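Each remark here refers to the structure printed beneath this line.
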Amino acid sequence: MLDIDSLNEPQREAVLCTEGPLLVLAGAGSGKTRVLTYRIAHMVQDLNVPPWQIMAITFTNKAANEMRERLGRLVGPSARGMWVSTFHSMCVRILRVDCELLGFSKSFTIYDDDDTKRLLKDVMAGLDLDPKRWPVNSIRGKISQAKNELKAPGVYADEARDPVSKVTARVYAVYQERLKMANAFDFDDLLMYTYLLFKNHPDVLEAYQDRFRYLLVDEYQDTNHAQYAITKLLAAKHQNIMVVGDDDQSIYSWRGADIRNILEFEQDYPQARSIKLEQNYRSSGNILNAANAVVAHNTKRKQKRLFTESGDGEKILVYMASDERDEGRWIAGEIDKLHNEGVSYEEMAVFYRTNAQSRSLEDMLLRAGVPYRIVGGTKFFDRAEIRDVIAYLTLCINPADDMAAKRVINQPRRGIGKTTIEHIENVARNSNLTFMQAAEWCLADETLQMRTRNAIGGFVGLINDAQSYGGELRKVIEAVIDRSQLIQALEQERTDEAESRIENIKEFLSVVDEYVESHEIDESALPPEGINLLADTRQLSPDSLEDFLEWVRLRTDLDAATDDDQFVTLMTVHSSKGLEFDCVFVAGMEETLFPHSNSSRDPQGLEEERRLAYVAITRARKRLYLTCAYARQIFGETHANPVSRFVGEIPSELRKSAGLGSSGFAGTGWEKRGSRRGISGSGKEAGGGRVFGQSSAGGTRPRSYTGRTSPNAEKKSAARVTFAVGDIVDHKTFGRGRVTKVDGDTLHIKFSKGNVTKKLLKDYAPIVKINL
1 MLDIDSLNEP QREAVLCTEG PLLVLAGAGS GKTRVLTYRI AHMVQDLNVP
51 PWQIMAITFT NKAANEMRER LGRLVGPSAR GMWVSTFHSM CVRILRVDCE
101 LLGFSKSFTI YDDDDTKRLL KDVMAGLDLD PKRWPVNSIR GKISQAKNEL
151 KAPGVYADEA RDPVSKVTAR VYAVYQERLK MANAFDFDDL LMYTYLLFKN
201 HPDVLEAYQD RFRYLLVDEY QDTNHAQYAI TKLLAAKHQN IMVVGDDDQS
251 IYSWRGADIR NILEFEQDYP QARSIKLEQN YRSSGNILNA ANAVVAHNTK
301 RKQKRLFTES GDGEKILVYM ASDERDEGRW IAGEIDKLHN EGVSYEEMAV
351 FYRTNAQSRS LEDMLLRAGV PYRIVGGTKF FDRAEIRDVI AYLTLCINPA
401 DDMAAKRVIN QPRRGIGKTT IEHIENVARN SNLTFMQAAE WCLADETLQM
451 RTRNAIGGFV GLINDAQSYG GELRKVIEAV IDRSQLIQAL EQERTDEAES
501 RIENIKEFLS VVDEYVESHE IDESALPPEG INLLADTRQL SPDSLEDFLE
551 WVRLRTDLDA ATDDDQFVTL MTVHSSKGLE FDCVFVAGME ETLFPHSNSS
601 RDPQGLEEER RLAYVAITRA RKRLYLTCAY ARQIFGETHA NPVSRFVGEI
651 PSELRKSAGL GSSGFAGTGW EKRGSRRGIS GSGKEAGGGR VFGQSSAGGT
701 RPRSYTGRTS PNAEKKSAAR VTFAVGDIVD HKTFGRGRVT KVDGDTLHIK
751 FSKGNVTKKL LKDYAPIVKI NL
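Under the UniProt record's numbering, the first residue of the sequence shown carries the number 1, and numbering increases by one thereafter.
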């Protein structure tokens with residue numbers, strides 16, 4: 001029995017609103033997954049909506065699996081009759097049925113990031129484009145953006161004006177031709193071609209519209225234009241679309257996410273209802289109030305304020321380190337202390353804005369003996385030996401995949417060198433053949449040595465034979481691995497690295513077992529016979545190599561992450577979204593780092609950086625630590641930057657200071673520590689502090705202060721004295737000023753020089769009080 005009464009009032013309202021468009025603004029930790037699953041269960045159990053008429057879309061396989069598990073507990077086996085998947089998985093299922101209308105065969109493969117980059121390099125080499133002048137990542141990013149904006153090569157070429165866009169247009173056109181010849185889609189294609197299928201084949205679209213009368217989209221603030229267009233088409237007929245999201249957590253504009261999709265939902269659907277979920281069940285009051293205070297500085301957002309009934313909890317601790325090593329050392333020490341107090345390692349996480357910051361953090365954690373894992377490091381499926389296995393398996397179902405063929409034609413080494421591969425490529429290009437077809441044609445090419453032709457024949461025969469393998473999935477894959485000789489070749493190397501690679505290939509078989517166990521077909525979950533269900537009846541088969549590879553290609557490192565109480569988690573703030581921990585450390589809270597220098601001068605970019613800070617803060621349940629460094633070496637240079645404005649936006653009563661910031665810089669030993677590092681820039685003088693707030697030019701920059709010699713100046717650290725309205729202060733750069741307002745430990749000071757008013761943080765500002 002569904003216990004709707006256990007929901008709070010806004011949650012209950014969202015669950016019971018089942019007809020028409022609905023916007024649910026769900027703040028961090030407000031129970032949105034519970035609302036989504038209860039709403040579906042209510043429709044199935046109480047309103048008798050057939051489960052196969054419901055589609056729920058989210059952004060990660062991990063989130064989709066969690067939703068399916070919850071629905072299974074609520075509604076039983078009928079949960080398997082509905083679609084609960086990511087956007088990309090949904091598109092794959094649709095394309096498997098109707099891709100032939102677009103000129104592809106149903107055995108298509110999916111190119112991941114590595115495949116995409118390799119093919120683009122190949123295309124650019126064929127166009128004689130210098131990779132130093134035209135970086136492949138830049139071209140790739142522009143093509144991805146074009147696809148997310150649903151611009152086909154011809155449209156993109158027509159709009160190209162600058163040299164980079166014109167070169168990109170040339171690469172884009174050839175790249176798409178090569179993908180089609182390989183019968184392959186990249187990740188962006190899955191969205192673009194699904195949209196084109198719906199747009200150009202209205203009968204297909206209408207069939208899916210009638211099939212999915214109820215559409216639910218999670219994390220709607222993260223949708224890009226292609227995803228927005230697909231969902232709008234699917235919902236156009238019945239208008240039963242529920243979107244759930246939080247505009248304050250829109251942090252993926254760099255990969256195409258458009259915050260306007262959620263901000264303008266009510267313009268797209270004027271009859272839409274809007275419900276706010278503001279009660280937080282995750283974090284303490286101080287953490288929530290800090291998050292509210294920071295994000296309130298954004299202007300492009302829908303107003304909401306999170307609250308909790310769990311009490312204030314611990315204050316936020318802000319630690320000022322001397323440098324990045326001191327920062328890492330302190331974090332490691334705090335983690336060790338928390339662990340000794342009974343906090344498990346799995347409930348602690350360290351976030352950073354950029355991956356480059358992890359090096360010094362790892363070093364200090366290792367020295368302290370703190371076990372950790374990094375999310376976003378080298379993934380299991382990115383390892384060379386695993387990619388080799390996947391390439392062999394791919395060729396078994398799609399021999400047209402040129403990138404897979406070229407990857408393993410001489411892996412392990414079988415005497416087919418670079419010159420021979422280029423010869424096969426030329427044959428393929430000149431005769432309009434796939435690489436495998438050209439390789440087979442070369443068996444009769446007498447210009448090649450007999451030894452080379454025999455090697456090619458062995459490879460072609462291996463792939464042809466493997467295509468006929470059938471039976472249990474594990475046995476098929478074991479047979480392919482054995483026939484490929486990958487393990488045997490590694491055994492002959494007799495090195496520790498080779499042994500590790502062998503272990504990885506064997507571990508791949510555990511992945512196969514995991515897939516088989518989790519994809520047993522439940523016939524009882526299929527809808528009644530005679531109902532036109534299109535692709536939704538297709539459950540991934542436990543013995544289908546094609547389905548297994550699809551499952552592998554659509555996995556991410558976060559999907560594969562498992563709970564383990566033996567490790568502290570290290571990750572970028574972007575990777576932390578959707579997760580939560582008892583104790584969170586956010587390192588590098590400095591201007592130019594967080595907010596990042598690439599975004600801080602752009603109003604829209606700065607608002608996204610602030611949303612990123614909001615995400616970081618709201619990952620913490622009980623304790624939040626923000627750390628910054630007086631000086632930091634990064635990318636081989638030492639910088640001294642102001643404390644992040646996001647720290648200053650947290651009310652003083654919610655935080656406490658430690659390190660250099662806890663008692664001012666004078667007399668803390670900073671002079672001795674700082675002189676060791678040769679601090680560059682304006683922060684290199686001993687005893688320096690930092691200004692909070694904007695410079696006269698509108699940016700922020702570090703200041704230093706050594707004190708002025710004045711008979712009337714009482715040289716006292718700002719943190720050691722009290723200030724009142726009317727007090728006269730002295731600042732090295734701004735000169736003489738008067739305190740106009742005291743807000744906790746934030747001082748508002750009007751300076752005579754330039755007649756400007758600055759907001760300075762008392763604990764950090766290099767100011768002295770003047771006795772006149």
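Backbone N, C-alpha and C define an ideal beta-carbon position, used for all residues, glycine too. Bear in mind the structure is a predicted one, so any value in this text is a computation, not a measurement.
- If you look at Thr740, you'll find it in the beta strand (DSSP E) that goes 735-743.
- Taken atom to atom, the span from the alpha-carbon of Asp496 to that of Ile386 is near 17 Å.
- In the structure shown, Tyr193 adopts helical secondary structure according to DSSP, grouped into three states.
- Of the candidates Leu433, Leu338, Ile390, Ile390 places its Cα closest to the Cα of Ser484.
- Per DSSP, reduced to three states, the secondary structure at Gln604 is helical.
- Pairing Ile374 with Ser360 gives a Cβ-Cβ distance that is not under 9 Å.
- Listed in chain order, the non-local C-beta contacts of Arg178 below 8 Å within the same chain comprise Leu119, Asp122, Val123, Asp402, local neighbours out to five positions each way being set aside.
- Secondary structure note for Asp336: it is in no beta strand (DSSP E), and the uninterrupted alpha helix (DSSP H) holding it is 324-340.
- The beta carbon of Lys142 sits closer than 6 Å to those of Thr168, all from its chain and outside the five residues before and after it, given in chain order.
- The closest CA to that of Gly81, considering only Pro50, Ser105, Asn61, is found on Pro50.
- Secondary structure at Ile54: strand, using DSSP grouped into helix, strand and coil.
- In the structure shown, Tyr252 adopts coil according to DSSP, grouped into three states.
- CA-to-CA, the gap between Lys106 and Phe185 works out to about 11 Å.
- DSSP places Lys758 in the uninterrupted beta strand (DSSP E) bounded by 756-761.
- DSSP places Trp83 in the strand class (E or B) of the three-state scheme.
- In this structure Met589 touches Thr627 by the C-beta definition: roughly 6 Å separates them, less than 8 Å.
- For Arg359, the uninterrupted alpha helix (DSSP H) run begins and ends at 358-368, by DSSP.
- Contact check for Ala629 against Asp247 fails: the beta carbons are separated by 9 Å or more.
- Shown here, Thr419 sits in a helix according to DSSP, grouped into three states.
- Of Lys232, Ala332, Asn292, Gly726, the smallest CA-CA separation from Tyr195 is found for Lys232.
- Here Lys406 carries a helix assignment [DSSP, helix/strand/coil].
- Only residues of its own chain outside the window of five on either side were considered, and among them Ala28, Ser283, Leu306, Tyr614, Ile617, Thr618 have a CB closer than 8 Å to the CB of Ala291, listed in chain order.
- Where Asp388 is concerned, the enclosing alpha helix (DSSP H) starts and stops at 384-397.
- Ranked by Cα distance from Phe723, the first of Ile749, Gly735, Phe734 is Ile749.
- The bridge partners DSSP lists for Val350 are Leu570, Phe585.
- Boundaries of the beta strand (DSSP E) around Arg373: 372-374.
- Between the C-alpha atoms of Gln45 and Gly76 there is a straight-line separation of about 10 Å.
- Contact between Leu366 and Leu549 is ruled out by a C-beta separation of about 37 Å, above the 8 Å threshold.
- The alpha-carbon of Ser644 is positioned some 21 Å away from that of Leu570.
- Separation of Tyr220 and Arg12 (C-alpha to C-alpha, rounded to the nearest whole angstrom) is 20 Å.
- Where Gly457 is concerned, the enclosing alpha helix (DSSP H) starts and stops at 450-466.
- For Tyr156, the number of other beta carbons within 10 angstroms of its own is at least 16, and it is reported as buried.
- The beta-bridge partner set that DSSP reports for Ser657 consists of Val318.
- Around the beta carbon of Pro21, 16 or more other beta carbons sit within 10 angstroms, so the residue counts as buried.
- In the three-state scheme derived from DSSP, where H, G and I count as helix and E and B as strand, Glu637 is classed as strand.
- Rounded to whole angstroms, the separation of the alpha carbons of Lys302 and Ile331 is 35 Å.
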